[in-house]
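Asks:
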Amino acid sequence: MFEEKFFALTNDGMFHYVMQESQYALKMLTASLLSKQPDEITSVEVKNPYDYGKCAGSKDIILDVKAVVNKDTVVNIEVQVKAFKYWRYRSLYYAARMAAETDPNRDYGSLPIIRQFSILNYTFDRENPDFFSTYELRNVESEKSFTDRFQISIMDLTQNRLATWDDAIYGRTLWADLFKANSWEKLESLALKSEVAKEVVEIMYKAVKDDETARFLTDRELARKERISIREEGRMEGIAQGMKKGMEKGVDQGKKQLALRLINNGVDLALVKQTLGSDLPDDEFIESLRNN
-12 MFEEKFFALT NDGMFHYVMQ ESQYALKMLT ASLLSKQPDE ITSVEVKNPY DYGKCAGSKD
48 IILDVKAVVN KDTVVNIEVQ VKAFKYWRYR SLYYAARMAA ETDPNRDYGS LPIIRQFSIL
108 NYTFDRENPD FFSTYELRNV ESEKSFTDRF QISIMDLTQN RLATWDDAIY GRTLWADLFK
168 ANSWEKLESL ALKSEVAKEV VEIMYKAVKD DETARFLTDR ELARKERISI REEGRMEGIA
228 QGMKKGMEKG VDQGKKQLAL RLINNGVDLA LVKQTLGSDL PDDEFIESLR NN
């Protein structure tokens, strides 16, 4: 069994590396996302390649995959593991930027098709969840399409149970399994099922065997965890400050109800106790909140 450190395909560095190193994997993924058969993809080229040795140590690189498909379609594919508050706006910005970056001297009728794809590992739309959804410009009253040449699509990895027959036919369910795989063993089992999965796994092995690439992937993972830690510390600090303000106003009952609600929603119990100035055992502390 392979013993190298594991990096999931949701690691943005690993994802970009696989797509950059394997023309076959890139072709199969773009065909899947564009709802095309592989033989309909006559050409595909990554437009933002990276030198992973030179990139090691950088925390600011945005590793989406930009590619031109069949010379008439510009695609941008991003992977986002943690929920991002303004993801809708960010996707819109990237799609609009792709359109704006096309040659202004060209005839407008020959502008490329713009497709923005986001592969998310969190629930994107809690009210109307979907595995794969596509948005475009439409008339708000008649719902008639304004154009299908500017579209934003979401693959929500947390909703694979809602995948349709089309998702399976175009291979999106297989790609979801590859992105969600969290061990070499799971990837190996997928590699036995299809040629594209085998190719992806082989390229991922190649990445971790190369010292410079492995160091780059490690840096990306550490940078991601650091960003999460900073956000979490800020969130906790904000909660603590809010509770202290409540205490200063003497809102005793409301304060205790808030503390209980925070605990029920996963906020660290030690932080809540510290903010309220309690040294009671955990069970007694929670009981005191419930009884007052």
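Heads up, the sequence shown is in the working numbering, so the first residue is -12 and it goes up one at a time. Even glycine gets a Cβ: it sits at the ideal position worked out from N, Cα and C. No experiment lies behind these values; they were computed from the predicted model shown.
Look at W162 and F(-7) and say whether their C-beta atoms are less than 8 Å apart.
Replies: Contact flag unset, no.
Asks: With a CB to CB cut of under 6 Å and the five nearest residues on each side skipped, what residues in its chain are close to I273?
Replies: Answer for I273: no residue qualifies.
Asks: Run through DSSP, which three-state label would R113 get?
Replies: Correct three-state label for R113: coil.
Asks: For P268, is the classification buried or exposed, using 16 other Cβ atoms within 10 angstroms of its Cβ as the cut-off for buried?
Replies: Exposed, because fewer than 16 other Cβ atoms sit within 10 Å of the Cβ of P268.
Asks: Quick one: what's got a C-beta closer than 8 Å to V238's C-beta in the same chain, skipping five residues either side?
Replies: Per-residue confidence for V238 stands at a pLDDT of 41, beneath the threshold of 50, marking its modelled position as unreliable; the derived number appears in the next sentence. Cβ neighbours of V238 beyond the five flanking positions: none.
Asks: According to DSSP, S105 sits in a beta bridge with which residue or residues?
Replies: E65 and I141.
Asks: Considering only the beta carbon of each residue, do A12 and V5 sit closer than 8 Å?
Replies: A contact, by the Cβ cut-off of 8 Å.
Asks: Determine the DSSP secondary structure at F133, reduced to helix, strand or coil.
Replies: DSSP places F133 in strand when its eight states are reduced to three.
Asks: Return the Cβ separation of T145 and N115 in integer angstroms, given the expectation that the two are a contact with Cβ distance under 8 Å.
Replies: Not really, about 14 Å apart at Cβ, beyond 8 Å.
Asks: If T17 and V31 are in contact, beta carbons under 8 Å, what's the gap, nearest whole angstrom?
Replies: The Cβ separation is near 6 Å, so the contact holds.
Asks: With which residues is L124 paired in a DSSP beta bridge?
Replies: DSSP output for L124 lists T134 as bridge partner(s).
Asks: Quick one: is Y95 buried, meaning 16 or more other Cβ sit within 10 Å of its Cβ, or exposed?
Replies: Counting Cβ neighbours within 10 Å, Y95 comes out exposed, since fewer than 16 surround it.
Asks: Return helix, strand or coil for T60, following the three-state DSSP convention.
Replies: Three-state DSSP puts T60 in a strand.
Asks: Given that a residue counts as buried once 16 or more other Cβ atoms are within 10 Å of its Cβ, and exposed if not, what is T151?
Replies: Counting Cβ neighbours within 10 Å, T151 comes out exposed, since fewer than 16 surround it.
Asks: When DSSP builds the beta bridges, which residues end up paired with E32?
Replies: E32 is bridged to V55.
Asks: In three-state DSSP terms, what is F119?
Replies: Reduced to three states, the DSSP call for F119 is strand.
Asks: Report the residue from D112, L21, V66 and F118 whose alpha carbon sits nearest the alpha carbon of I106.
Replies: It is V66 whose Cα lies nearest to the Cα of I106.
Asks: Between the C-alpha atoms of Q7 and L247, what's the straight-line distance to the nearest angstrom?
Replies: Each residue's Cα considered, the two are about 49 Å apart.
Asks: By a C-beta neighbour count over all protein chains shown, 10 Å radius and 16 as the cutoff for buried, is Y76 buried or exposed?
Replies: When all chains shown are included, Y76 counts as exposed.
Asks: Rounded to the nearest angstrom, what separates Y37 and Q103 at their Cα positions?
Replies: Between Y37 and Q103, the C-alpha separation is close to 20 Å.
Asks: Going by the DSSP bridge assignment, what does I100 pair with across the sheet?
Replies: According to DSSP, I100 bridges with T60.
Asks: Curious, which full-length alpha helix (DSSP H) runs of at least 4 residues does the segment 177 to 210 contain?
Replies: The segment 177 to 210 contains these whole alpha helix (DSSP H) runs: 182 to 196.
Asks: Please go through the same chain and pick out, in chain order, the residues whose beta-carbon is closer than 7 Å to the beta-carbon of K260, but skip the five residues on each side of it.
Replies: These residues qualify, in order along the chain: F272.
Asks: I believe I101 touches V52 by the beta-carbon criterion, under 8 Å. Please report the beta-carbon distance rounded to the nearest angstrom.
Replies: The Cβ separation is near 15 Å, so there is no contact.
Asks: Tell me whether the beta-carbon of Y157 lies closer than 8 Å to the beta-carbon of S22.
Replies: Cβ distance < 8 Å, so Y157 and S22 count as in contact.
Asks: Which class does Q24 belong to by DSSP, given the choice of helix, strand or coil?
Replies: Here Q24 sits in coil by DSSP.
Asks: Answer with buried or exposed for R218, where buried requires no fewer than 16 other C-beta atoms within 10 angstroms of its C-beta.
Replies: Bear in mind that the predicted position of R218 carries a pLDDT of just 46, short of 50, making it unreliable; the figure below should be weighed with that in mind. Classification of R218: exposed, given that the 10 Å Cβ count is below 16.
Asks: Residues in its own chain within less than 8 Å of E235 by CB, not counting five upstream and five downstream?
Replies: Only weak support is given to the placement of E235: the predicted model assigns it a pLDDT of 47, under 50, and the value that follows is read from those uncertain coordinates. Here the set comprises nothing.
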